[in-house]
Amino acid sequence: MSGPLLTDPAHERLTRLRQAHRPPGPMLPWELKAVYRNRWVRFHSLPESKRYAPGLTRIHHPYDGGADVILPTPEERDRLCTRHSAWLSAHPSGY
Numbered sequence: 001m002s003g004p005l006l007t008d009p010a011h012e013r014l015t016r017l018r019q020a021h022r023p024p025g026p027m028l029p030w031e032l033k034a035v036y037r038n039r040w041v042r043f044h045s046l047p048e049s050k051r052y053a054p055g056l057t058r059i060h061h062p063y064d065g066g067a068d069v070i071l072p073t074p075e076e077r078d079r080l081c082t083r084h085s086a087w088l089s090a091h092p093s094g095y
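So in full-length UniProt numbering the end of the sequence shown lands on 95, straight run, no missing numbers.
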């Protein structure tokens, strides 16, 4: 079978809707630390200990070895780092 691929109009509408209403900022998780450098911190945690922060002013992005966290202000990030210093990455850049 040859010829052009047919697209699904519903998929195209949903894609446009998502693009129109998604929050500003990066779409890819690994870009978070570059875009929100002054609010980003990474914690290492045990598997299955994932917790999700409510609201749009905070981002909690879990991964197998811990989580990346974006907070509303650098001050809140610093308080969280102080409170959970044992969980912070030992890497000099926080990775």
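Glycine is no exception: its CB is placed at the ideal position from the N, C-alpha and C atoms.
Once you ignore the five residues that flank residue i on each side, which residues in its own chain have a CB closer than 7 Å to its CB?
i, result
"N38", "P74"
"G25", "V35"
Could you check if residue i is buried or exposed, using at least 16 other CB atoms within 10 Å of its CB as the buried criterion?
i, result
"Y52", "Low confidence applies here, because Y52 scores a pLDDT of 48, under 50, leaving its location unreliable and the question unanswered by this model."
"G65", "exposed"
"R79", "exposed"
"L71", "buried"
Taking the straight line between their C-alpha atoms, what separation do you get for residue i and residue j?
i, j, result
"L28", "P9", "25 Å"
"Y95", "Q19", "30 Å"
"L14", "W30", "25 Å"
"S85", "T7", "50 Å"
Short check: CB of residue i to CB of residue j, under 8 Å?
i, j, result
"W87", "D68", "no"
"S89", "R42", "yes"
Whose C-beta lies closer than 8 Å to the C-beta of residue i among residues of the same chain, with five residues either side of it excluded?
i, result
"H11", "none"
Check the C-beta distance from residue i over to residue j and give it rounded, since I have them as a contact under 8 Å.
i, j, result
"I59", "L17", "That belief does not hold up - the Cβ atoms of I59 and L17 are roughly 22 Å apart, past 8 Å."
Quick one: residues in its chain with C-beta nearer than 6 Å to the C-beta of residue i, no 5 flanking neighbours on either side, listed in chain order?
i, result
"T57", "P72"
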